[in-house]
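Visitor: So the sequence shown is residues 49 to 392, counted in my numbering.
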Amino acid sequence: MGADFMKQNHAGVMGLGVYLPKNVMTAKEISEKTKGVWSEEAVIEKLGIVQKTMPADGDGAQQMGVYAAEAAIKDAGISADEIDVVLCITEEWKEYPLTTSANYIINEINATNAWGIDVQNRCCTCVAAIKIAKDILMADEGVGTVLIAGGYRNCDLVNYKDKELSFVYDLAAGGAAMILRKNLGKNLVLGSHIISDGSLVRAAGVEVGGTAVPVTNDNIEQHFMLKVMQPDIMKERLKEVSMENWMQCIDKAFEKSQIPKKIDYLAMLHFKRSAHEAFVAANGLEPHQSIYLENYGHLGQLDQILSLDLARKDGRVKDGDNIVMLAAGIGYTWAANVIKWGSI
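1. List, from N- to C-terminal side, the beta strand (DSSP E) runs of 3 residues or more that fit wholly inside the region 153-213.
2. Which residues bound the alpha helix (DSSP H) around residue 289?
3. Please report the straight-line C-alpha distance between residue 386 and residue 355, rounded to a whole angstrom.
4. Among 68, 343, 375, 237, which one has its Cα closest to the Cα of residue 392?
5. CA-CA distance, residue 233 and residue 225?
6. Straight-line CA distance for residue 271 to residue 254?
7. Going by DSSP, what residues sit across from residue 122 in a beta bridge?
8. Would you tell me roughly how many angstroms separate the C-alpha atoms of residue 269 and residue 284, rounded to the nearest one?
9. Suppose you measure from the CA of residue 145 to the CA of residue 209; what does that come to, to the nearest Å?
10. By Cβ distance below 7 Å, which residues in the same chain neighbour residue 51 in space, the five residues on each side in sequence not counted?
11. Between residue 373 and residue 329, which are expected to be in contact by the criterion C-beta below 8 Å, what is the C-beta distance as a whole number of angstroms?
12. Would you report the Cα separation of residue 157 and residue 108, rounded to the nearest angstrom?
13. Pairing CB atoms from the region 131-151 with CB atoms from the region 196-213, are three or more of them under 8 Å?
14. Identify whether residue 249 lies in helix, strand or coil by the three-state DSSP scheme.
15. Whole angstroms is fine: what's the gap from residue 65's alpha carbon to residue 213's?
16. Within the continuous beta strand (DSSP E) that includes residue 99, where are the two ends?
17. Can you tell me which of the three DSSP states residue 376 falls into?
18. Return the chain-ordered ranges of every alpha helix (DSSP H) run that is complete within the region 59-85 and spans a minimum of 4 residues.
19. Rounded to the nearest angstrom, what separates residue 378 and residue 184 at their Cα positions?
20. May I have the straight-line CA-CA distance separating residue 279 from residue 96, to the nearest angstrom?
21. Give me the Cα-Cα distance between residue 332 and residue 342, rounded to the nearest whole angstrom.
22. Taking all protein chains shown into account, do 16 or more other C-beta atoms lie within 10 angstroms of the C-beta of residue 382, making it buried, or fewer, making it exposed?
23. From the DSSP output, read off the bridge partner residues of residue 273.
24. Is it buried or exposed, residue 252, if we count other Cβ atoms within 10 angstroms and call 16 or more buried?
25. Helix, strand or coil: how does DSSP classify residue 222 here?
26. Nearest CA to the CA of residue 300: which residue from 174, 262, 243?
27. Sort out for me which residues DSSP pairs residue 229 with in a bridge.
28. If you drop the 5 nearest sequence neighbours on each side, which residues of the same chain put their C-beta closer than 6 Å to that of residue 142?
29. With a 10 Å radius around its C-beta and 16 neighbouring C-beta atoms as the bar for buried, classify residue 86 as buried or exposed.
30. So, helix, strand or coil for residue 51, using DSSP?
31. Among 99, 188, 180, which residue has its Cα nearest to the Cα of residue 169?
32. For residue 132, which option in 114, 140, 162 has the closest C-alpha, if you only look at C-alpha atoms?
33. Per DSSP, what kind of secondary structure is residue 385 in: helix, strand or coil?
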């Protein structure tokens, strides 16, 4: 990958931005929320949460996306009017439902030359948006710079008294952003692969608050709260296919990248500690080749950008490294991409 590749159009990561609220919830506080069903030790050791970021006043999902976008613009060393497209990965739970989060970012950062669109795929949204951004850059001669940005605070939707929801006790809050530029000459976004399994589409989500189950006086306490609606299907199906689908996503992403499979850093979502350790080991990696987000929690689709930003600042990513971003979102979708870090 050298001079010949430079003759081809490509997309490169120009800047990253992360916003983390000042508030946190500790493992002890999570334990107390569960009324002791989960001990503080179990929250730390099994769920893998030492603490997680929580929103303060003004930390709406849309606004945190703005903060992250501003940080990414500063990191890239550009002005907002250089952005042609904003792909917004802000979650659906936000300040005002049915308002357009991409356009909110465009207005707040003064990206006067950009058009925007909201992208939604739950915790897979970021990796999917990176693929979409690259495809737009390659297909549209009029697009040279794409901002991917969003905020997340689904921590508001967790019922800690629901034992079936322990896998989302880690939901946190924050913002993250990434800027891609055509023919940047460094930090190349290569191949990606996505797998969806529609049999799990209603295994988990928000049950009360849509047209199927409208809000009433009797169910108002469950309004927009997360729920495992098909626990048996979810547990059995995920156990059956998750590891295989993730491995296939990685293999296919490298195949599409047309480079040998070699992972130097794995930027993946937060989930329980044992699963993280097992997946790192299954890919032949050492623990330092992936950051476990035990001090941040699960920021949904923002985890991959947070992980990469932390690794970059910690010196875990160097020129020539192959970075794999790994994601999964309820619905259920699995995804992976490959980024070749450093100059070509």
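Every residue, glycine too, gets a C-beta built ideally from N, C-alpha and C.
Guide: The structure says:
1. Whole beta strand (DSSP E) segments, 3+ residues: 163-166, 193-200.
2. As a position in the sequence shown, residue 289 is number 241, starting the count at 1. That run of the alpha helix (DSSP H) goes 279-305.
3. Residue 386 sits at position 338 when you count from the first residue of the sequence shown. Residue 355 sits at position 307 when you count from the first residue of the sequence shown. Using only the alpha carbons, I get a separation of about 14 Å.
4. As a position in the sequence shown, residue 392 is number 344, starting the count at 1. For residue 392, the nearest C-alpha among the options comes from 237.
5. Reading the sequence shown from its first residue, position 185 is the one you call residue 233. Reading the sequence shown from its first residue, position 177 is the one you call residue 225. For residue 233 and residue 225, the distance between alpha carbons rounds to 20 Å.
6. On the sequence shown, position 223 is the one that residue 271 refers to. On the sequence shown, position 206 is the one that residue 254 refers to. C-alpha separation (whole angstroms): 8 Å.
7. As a working note, residue 122 is residue 74 in the sequence shown. Answer is none; residue 122 lacks a bridge partner.
8. In the sequence shown, the residue the question calls residue 269 occupies position 221. In the sequence shown, the residue the question calls residue 284 occupies position 236. Spanning the two alpha carbons is a distance of roughly 29 Å.
9. Here residue 145 is taken as the residue at index 97 of the sequence shown, counted from 1. Here residue 209 is taken as the residue at index 161 of the sequence shown, counted from 1. Each residue's Cα considered, the two are about 26 Å apart.
10. The count along the sequence shown starts at 1 and reaches residue 51 at position 3. Only weak support is given to the placement of residue 51: the predicted model assigns it a pLDDT of 48, under 50, and the value that follows is read from those uncertain coordinates. Its chain contains no residue whose beta carbon lies nearer than 7 Å to that of residue 51 once the 5 sequence neighbours on both sides are disregarded.
11. Translated into positions along the sequence shown, residue 373 becomes position 325. Translated into positions along the sequence shown, residue 329 becomes position 281. With 8 Å as the limit, residue 373 and residue 329 do not qualify as a contact, their Cβ atoms being about 19 Å apart.
12. One-based indexing of the sequence shown puts residue 157 at position 109. One-based indexing of the sequence shown puts residue 108 at position 60. Counting only the Cα atoms, residue 108 lies some 16 Å from residue 157.
13. With the cut-off at 8 Å, the region 131-151 and the region 196-213 touch.
14. In the sequence shown, residue 249 corresponds to position 201, counting from 1. Reduced to three states, the DSSP call for residue 249 is coil.
15. Residue numbering aside, residue 65 sits at position 17 when the sequence shown is read from its first letter. Residue numbering aside, residue 213 sits at position 165 when the sequence shown is read from its first letter. Residue 65 and residue 213 have their C-alpha atoms roughly 30 Å apart.
16. As a first step, residue 99 is located in the sequence shown; it is residue number 51 there, counting from the start. From DSSP, the beta strand (DSSP E) with residue 99 extends over 99-102.
17. Sequence index remark: in the sequence shown, residue 376 carries index 328 (1-based). Looking at residue 376 - three-state DSSP - the assignment turns out to be strand.
18. If only complete runs of 4 or more residues are kept, the region 59-85 shows the alpha helix (DSSP H) at 75-81, in order along the chain.
19. Along the sequence shown, one-based indexing puts residue 378 at 330. Along the sequence shown, one-based indexing puts residue 184 at 136. Computed Cα separation, rounded: 26 Å.
20. Residue numbering aside, residue 279 sits at position 231 when the sequence shown is read from its first letter. Residue numbering aside, residue 96 sits at position 48 when the sequence shown is read from its first letter. Straight across, the Cα-Cα distance linking residue 279 with residue 96 is about 22 Å.
21. Within the sequence shown, numbered from 1, the residue matching residue 332 stands at position 284. Within the sequence shown, numbered from 1, the residue matching residue 342 stands at position 294. Their backbone Cα atoms lie some 21 Å apart in a straight line.
22. For the purposes of this step, residue 382 is taken as the residue at position 334 of the sequence shown. That one is buried.
23. As a first step, residue 273 must be located in the sequence shown, where it is residue number 225. DSSP, once it has assigned bridges, lists no residue as partnering residue 273.
24. Counted from its first residue, the sequence shown places residue 252 at position 204. Note on residue 252: 16 or more other CB atoms within 10 angstroms of its CB, so buried under the neighbour-count rule.
25. Residue 222 sits at position 174 when you count from the first residue of the sequence shown. Note: residue 222 maps to strand in three-state DSSP.
26. The count along the sequence shown starts at 1 and reaches residue 300 at position 252. Per the Cα distances, 243.
27. As a working note, residue 229 is residue 181 in the sequence shown. Answer by DSSP bridge pairing, in chain order: 60, 193.
28. Translated into positions along the sequence shown, residue 142 becomes position 94. Hits under 6 Å: 109, 110.
29. Position 38 of the sequence shown, counting from 1, holds the residue named residue 86. It is buried - the Cβ of residue 86 has at least 16 other Cβ atoms within 10 Å.
30. On the sequence shown, position 3 is the one that residue 51 refers to. Any reading at residue 51 must be qualified, since the residue scores a pLDDT of 48, below 50, and its modelled position is unreliable; the value itself is stated next. Helix at residue 51.
31. The residue given as residue 169 occupies position 121 in the sequence shown. Residue 169 has its Cα closest to that of 180, out of 99, 188, 180.
32. Reading the sequence shown from its first residue, position 84 is the one you call residue 132. Ranking 114, 140, 162 by Cα distance to residue 132 puts 162 first.
33. Position 337 of the sequence shown, counting from 1, holds the residue named residue 385. Here residue 385 sits in strand by DSSP.
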